[in-house]
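Peer 1: Structure below; questions to follow.
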Amino acid sequence: MRPAYVSGYFYPLRESDLLKFMSEVILDVPKRKVKGAVVPHAGYNFSGSIAGKVYSSIECPDTFLLVGPKHSMESDGIFLSQTSWATPLGEVMPDRDLGESLLHHCEFIHLNERVHANEHSLEVQVPFIKYVCPKAKILPIAVSTTSEGILSSTGKCIASVLKESNKSVVVVMSSDLNHHEPQEITMEKDEKVIKNLMSLDSRGLLRTVYEEDVSMCGAWSCFLGLTILKELGATKAELLEHRTSGDVNMDYTQVVGYTGILFE
1 MRPAYVSGYF YPLRESDLLK FMSEVILDVP KRKVKGAVVP HAGYNFSGSI AGKVYSSIEC
61 PDTFLLVGPK HSMESDGIFL SQTSWATPLG EVMPDRDLGE SLLHHCEFIH LNERVHANEH
121 SLEVQVPFIK YVCPKAKILP IAVSTTSEGI LSSTGKCIAS VLKESNKSVV VVMSSDLNHH
181 EPQEITMEKD EKVIKNLMSL DSRGLLRTVY EEDVSMCGAW SCFLGLTILK ELGATKAELL
241 EHRTSGDVNM DYTQVVGYTG ILFE
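This is the structure:
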């Protein structure tokens with residue numbers, strides 16, 4: 001089992017505190033059958049309400065395919081976890097059948113639990129999944145490659161495996177947006193990124209990140225996720241919210257951008 005590495009730091013350590021938080025941010029809204037989502041991965045006090053809005057809206061699938069960045073890129077590649085993940089609300093099981101299919105068919109996906117051990121981008125999604133969809137399984141994939149060719153072919157391969165699986169799967173792309181610039185600059189950069197995300201323009205996303213110097217930590221994992229979603233037939237996106245850390249702590253001098261988006 002993978003321990004809850006950032007509990008007590010990014011989100012509450014105690015079950016009672018985490019349940020209280022979830023009860024405040026999970027909304028009583030109609031559930032929708034979606035193909036994917038973009039969700040932030042900052043501390044819950046900063047972006048948890050956006051994540052709550054996203055997960056509140058999702059009709060529970062069999063499996064959540066989680067794709068996010070490996071912030072410390074000591075290993076280059078695309079890495080799958082096949083172990084259970086601990087949360088203060090109980091453990092969440094992996095979809096080992098789908099995972100084995102990915103490992104068998106997709107040459108650039110490798111099993112590597114060590115890569116996932118101290119990475120927060122996917123961990124912060126798991127308590128939300130446990131709370132809103134307690135029976136759902138997960139497929140966590142950490143991305144630490146910047147090869148568009150590898151990401152493109154892997155996205156197509158993943159989509160092919162998912163189509164053959166006869167399981168309902170929601171693709172969750174974990175990413176924050178621009179980091180540590182003033183509010184006005186971050187909002188301007190974020191809006192360009194969001195436009196690319198909502199149009200499922202994976203190459204346009206990377207072009208914007210490079211040309212506009214956007215410090216978006218999950219650009220390459222979103223490239224992978226968007227590729228998967230396009231192959232699965234996603235055509236529509238809805239922006240649920242976009243704001244910054246400044247809207248929480250009132251410091252607008254150096255902010256981080258967050259967004260929640262659903263794809264159908």
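The sequence shown begins at 1 in full-length UniProt numbering and counts up by one. Glycine is no exception: its CB is placed at the ideal position from the N, C-alpha and C atoms.
DSSP three-state label for Ser-7, please.
Peer 2: In the structure shown, Ser-7 sits in a strand (DSSP, three-state: E or B).
Peer 1: Kindly give me the distance between the Cβ atoms of Leu-103 and Leu-80, rounded to whole angstroms, as I take these residues to be in contact under 8 Å.
Peer 2: Yes, Leu-103 and Leu-80 are in contact; Cβ-Cβ is about 7 Å, under 8 Å.
Peer 1: Should Leu-262 and Ile-58 be called a contact, given that it needs their Cβ atoms to be closer than 9 Å?
Peer 2: Yes, the pair counts as a contact, with Cβ atoms nearer than the cut-off.
Peer 1: Should Thr-253 be labelled buried (16 or more other beta-carbon atoms within 10 Å of its own) or exposed?
Peer 2: That one is exposed.
Peer 1: Would you say Ser-121 and Ser-174 are within 9 Å of each other, going by their C-beta atoms?
Peer 2: Yes.
Peer 1: Using alpha carbons as the reference points, say which of Leu-18, Ala-117, Leu-232, Leu-206 lies closest to Leu-162.
Peer 2: Ranking the options by Cα distance to Leu-162, first place goes to Leu-232.
Peer 1: His-110 bridges to which residues according to DSSP?
Peer 2: According to DSSP, His-110 bridges with Phe-79.
Peer 1: Counting C-beta neighbours from all protein chains within 10 Å, is the total for Arg-2 16 or more, i.e. buried, or is it exposed?
Peer 2: By the 10 Å Cβ count, Arg-2 comes out buried.
Peer 1: Cys-133: which of Glu-184, His-180, Leu-89, Thr-154 sits nearest, CA to CA?
Peer 2: It is Leu-89 whose Cα lies nearest to the Cα of Cys-133.
Peer 1: Assuming Leu-98 and Ser-165 make a contact with CB atoms under 8 Å, what is their CB distance in whole Å?
Peer 2: With a Cβ gap of about 6 Å, Leu-98 and Ser-165 count as contacting.
Peer 1: Identify, in the order they occur along the chain, each residue of the same chain with its Cβ nearer than 7 Å to the Cβ of Tyr-131, setting aside the five sequence neighbours on each side.
Peer 2: So the list reads Met-22, Ile-26, Leu-89, once near-sequence residues are dropped.
Peer 1: Mind checking which residues open and close the beta strand (DSSP E) that includes Glu-238?
Peer 2: Looking at the DSSP string, the run of the beta strand (DSSP E) that includes Glu-238 is 237-244.
Peer 1: Opposite Gly-36 in the DSSP bridges: which residues?
Peer 2: Note: Gly-36 sits in a beta bridge opposite Val-171, Phe-263.
Peer 1: If we ignore side chains and look at the alpha-carbon of each, how far apart do Asp-76 and Ser-144 end up?
Peer 2: Spanning the two alpha carbons is a distance of roughly 5 Å.
Peer 1: Using a Cβ-Cβ cut-off of 6 Å (strictly less than) and excluding sequence neighbours within five positions of Gly-155, which residues of its own chain qualify?
Peer 2: Hits under 6 Å: Leu-224, Thr-227, Ile-228.
Peer 1: Measure from the alpha carbon of residue 287 to the alpha carbon of each residue in Val-54, Asp-176, Glu-15, then state which is nearest.
Peer 2: The question about residue 287 has no answer, for the chain in this structure spans 1 to 264.
Peer 1: Does the pairing of the stretch 196-204 with the stretch 48-57 give three or more beta-carbon distances under 8 Å?
Peer 2: In short, these stretches do not touch, since the Cβ pair count stays below three.
Peer 1: With a CB to CB cut of under 8 Å and the five nearest residues on each side skipped, what residues in its chain are close to Ile-150?
Peer 2: The residues are Ile-78, Phe-108.
Peer 1: Less than 9 Å separating the beta-carbons of Thr-83 and Pro-94?
Peer 2: The answer is yes: Cβ separation under 9 Å.
Peer 1: Pull up the distance between the alpha-carbon of Ser-56 and that of Ser-147, whole angstroms please.
Peer 2: Roughly 34 Å between the two C-alpha positions.
Peer 1: Can you tell me the Cα-Cα spacing of Ile-30 and Cys-60, whole angstroms?
Peer 2: As written in the sequence, residue 30 is Pro, which differs from the Ile given in the question. If you take the alpha carbons of Pro-30 and Cys-60, they lie about 12 Å apart.
Peer 1: Beta-carbon within less than 6 Å of Glu-238's beta-carbon, same chain only, minus the 5 sequence neighbours each way: which residues are those?
Peer 2: So the list reads Leu-262, once near-sequence residues are dropped.
Peer 1: Quick one: using the 10 Å Cβ neighbour count with 16 as the cut-off for buried, is Ala-117 buried or exposed?
Peer 2: Exposed, because fewer than 16 other Cβ atoms sit within 10 Å of the Cβ of Ala-117.
Peer 1: Near Glu-15, what residues of its chain come up, given a Cβ to Cβ distance below 7 Å and the 5 sequence neighbours on each side ignored?
Peer 2: Excluding sequence neighbours, Glu-15 sits near Pro-88, Leu-89.
Peer 1: Alpha carbon to alpha carbon, how far is Val-256 from Ile-194?
Peer 2: Cα to Cα, the separation comes out at about 14 Å.
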